[in-house]
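Protein chains in written order, with the working numbering: chain A, 431 to 755; chain B, 2 to 250.
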């Protein structure tokens with residue numbers, strides 16, 4: 431853990447009976463960054479996030495949040511954090527205003543400060559007109575906005591968001607993403623974002639970690655992760671001619687994957703530059719006319735699928751070898 | 002602000018939240034008053050007793066029911082409504098959350114027990130002859146019963162009905178062995194042996210003393226027992242809630 435670490439997870443492990451949900455996960459989150467935590471369902475994302483907020487205690491390992499050991503100084507650590515848990519809700523019987531005030535008071539904000547903060551946040555989140563409405567009267571999108579207000583009212587140094595845009599309409603999703611970016615850039619808040627949504631992670635996160643079967647499978651910037659999965663680089667080509675036989679055009683590139691896409695083809699290979707040259711030469715030799723051609727980096731989604739499928743294959747192999755007599 | 006004061010303030014915030022969310026509702030008030038009253042009248046119907054002699058019993062049972070009625074349901078309700086995680090990951094410690102739950106139950110119980118008391122003073126010949134005993138009985142009883150309520154909330158369940166079953170399974174025997182219905186001296190020997198196991202026995206003893214009745218135990222014994230029960234319930238509650246929290250997925 432460095433002095434600048436917002437989070438230091440050190441060999442965090444969590445067992446539920448025989449099931450190993452999180453297996454010796456270690457990573458650091460740097461202060462000021464938006465850190466994405468990705469993984470398929472059941473990969474251990476939420477359990478890890480819950481260990482980092484202190485809701486779930488680790489079976490072994492240690493978590494330091496804002497420099498405080500969660501096992502011994504949980505309350506001090508939690509004064510620095512705001513949390514939007516995945517399954518949590520607002521108090522349905524309390525008004526929007528009372529819900530925000532509750533969190534402000536639990537974080538020990540003075541009366542004047544909490545009132546000013548709450549007014550500013552409700553205004554920013556478009557909830558000012560609904561301050562007197564009960565939590566139960568809000569739609570899912572408005573409740574999610576309120577939960578963000580509740581997490582932000584204390585002015586946290588570190589914000590935990592577990593699937594904050596899951597199941598929301600486009601407008602609410604955009605608003606919440608904008609607010610995450612503003613909060614990070616404007617207030618310098620560190621954000622720990624658990625999500626399934628690759629586009630969201632790519633758009634918002636400085637670095638991402640990918641969990642697979644309870645283990646940390648990869649951690650880096652989205653760009654670096656895309657570079658590492660070089661085999662998934664590709665070239666997308668469209669021909670003027672309506673009917674093109676891919677077998678003939680791409681025959682010299684034996685061994686490369688070819689996928690039909692709208693009005694064209696996508697050819698995968700480790701060296702897209704060379705691949706593009708080969709395609710142009712092949713098309714020219716066959717008298718075909720290229721309408722457009724471009725090289726493509728793998729998307730974060732492809733990186734994610736590649737890593738998590740590898741994880742699944744390794745786990746299956748482990749399983750098979752351990753079941754041998 | 003030091004850590005203790007911080008947590009004490011957090012407990013106060015949680016007590017106020019509980020009062021708003023769980024206690025200040027007409028059905029809770031009705032249940033808190035009507036149920037113990039009819040419970041007692043059902044017993045009194047079969048016995049020859051003056052109305053004023055029944056007052057300490059009614060006040061004791063009202064206090065017991067109201068102070069321990071909602072507490073067992075708060076944590077299961079919070080789990081069911083998905084608000085529990087929000088509290089646990091706030092700077093309030095688990096002890097502060099439980100203290101807040103206890104404070105709300107205590108205030109609710111003490112306040113509601115004043116209603117039958119006021120009615121009894123107006124409608125019967127009952128008179129308060131030892132206000133200190135009555136006050137000690139109500140306040141310490143409310144703390145002990147509310148602490149019991151917090152302890153009963155500990156099982157790892159989201160279903161309030163399961164907790165209600167457990168709550169009644171524990172609370173009803175505590176009433177029957179407490180000497181609320183029958184003075185201790187008139188109870189069978191086996192019941193006299195069991196009576197000290199119920200915190201309601203000591204509370205009812207103090208309240209009876211407040212109305213000029215004869216105390217079965219010394220005042221210091223009643224006070225020590227109620228304080229001891231409250232501490233024991235809160236320590237056990239803390240331990241069980243922590244254990245339940247370790248099972249969270």
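For each residue, glycine too, the CB sits at the ideal point set by N, CA and C.
Counting along the chain, residue 667 of chain A sits inside the beta strand (DSSP E) bounded by residues 664-669. By the C-beta density criterion, residue 191 of chain B is exposed, having fewer than 16 other C-beta atoms within 10 angstroms.
Around the C-beta of residue 700 of chain A, fewer than 16 other C-beta atoms lie within 10 Å, and the residue is accordingly described as exposed.
With contacts defined as CB atoms closer than 8 angstroms, residue 523 of chain A and residue 564 of chain A qualify as a contacting pair. Annotated as distal: residue 114 of chain B and residue 212 of chain B, with beta-carbon spacing of 8 angstroms or more. The beta carbon of residue 484 of chain A is closer than 6 angstroms to those of 500 and 504 in its chain, skipping five residues each way along the sequence. Inter-segment contact for the region 6-21 of chain B and the region 525-544 of chain A is present: three or more beta-carbon pairs are separated by less than 8 angstroms.
Exposed is the label assigned to residue 187 of chain B, since fewer than 16 other Cβ atoms lie within 10 Å of its Cβ.
Closer than 8 angstroms to the CB of residue 485 of chain A there is at least one CB belonging to chain B. Residue 84 of chain B is positioned such that its CB atom lies no closer than 8 angstroms to that of residue 155 of chain B.
Counting only the Cα atoms, residue 694 of chain A lies some 55 angstroms from residue 247 of chain B.
Scanning the region 529-581 of chain A from its first residue to its last, the whole alpha helix (DSSP H) runs of 4-plus residues come out as 541-554.
With its beta carbon less than 8 angstroms from one in chain A, residue 89 of chain B belongs to the interface. Only exposed fits residue 166 of chain B, as fewer than 16 other CB atoms lie within 10 angstroms of its CB. The criterion of a C-beta distance shorter than 8 angstroms is satisfied by residue 227 of chain B and residue 142 of chain B. Distance between residue 102 of chain B and residue 586 of chain A, taken at the CA atoms: about 26 angstroms.
Annotation note: the region 145-199 of chain B contains the following uninterrupted alpha helix (DSSP H) runs of length 4 or greater, listed N- to C-terminal: 161-177 and 190-195. Here the alpha carbon of residue 198 of chain B sits roughly 37 angstroms from the alpha carbon of residue 447 of chain A. Annotation: the continuous beta strand (DSSP E) that includes residue 490 of chain A extends over 490-495.
By the beta-carbon neighbour count (other beta carbons within 10 angstroms, threshold 16), residue 202 of chain B is buried. If you look at residue 443 of chain A, you'll find it isn't in any alpha helix (DSSP H); it sits in the beta strand (DSSP E) that goes 435-446. As the crow flies, the alpha-carbon of residue 717 of chain A is around 15 angstroms from that of residue 667 of chain A. By the neighbour-count criterion, in which 16 or more other beta carbons inside 10 Å mark a residue as buried, residue 618 of chain A falls on the exposed side. Between residue 467 of chain A and residue 479 of chain A, the beta carbon gap of about 7 angstroms places them in contact (Cβ cut-off 8 angstroms). Around the beta-carbon of residue 6 of chain B, fewer than 16 other beta-carbon atoms lie within 10 Å, marking it exposed. Under the Cβ distance rule, residue 450 of chain A does not count among the residues neighbouring chain B, no pair being separated by less than 8 angstroms.
Annotation note: the region 677-750 of chain A contains the following uninterrupted alpha helix (DSSP H) runs of length 4 or greater, listed N- to C-terminal: 702-715.
Contact between residue 249 of chain B and residue 513 of chain A does not hold, since their C-beta atoms are separated by about 15 angstroms, which reaches or exceeds 8 angstroms. The three-state secondary structure of residue 620 of chain A, taken from DSSP, is strand.
In the three-state reduction of the DSSP assignment, residue 217 of chain B falls in the coil class. Listed as beta-bridge partners of residue 467 of chain A by DSSP are A/624 and A/639.
Distances from the alpha-carbon of residue 437 of chain A to those of A/453, A/444 and A/481 put A/481 closest. Setting aside the 5 residues that flank it on each side, residue 460 of chain A is surrounded in the same chain by 434, 435 and 436, each with a C-beta closer than 7 angstroms to its C-beta; the list follows chain order.
Per DSSP, residue 14 of chain B has no beta bridge partner at all. Residue-level contact by beta carbon holds for residue 86 of chain B and chain A, with a gap shorter than 8 angstroms.
Residues of the region 510-528 of chain A with a C-beta atom less than 8 angstroms from some C-beta of chain B are 511, 513, 515, 517, 518, 519, 520, 521, 522, 523, 524 and 528, listed in chain order.
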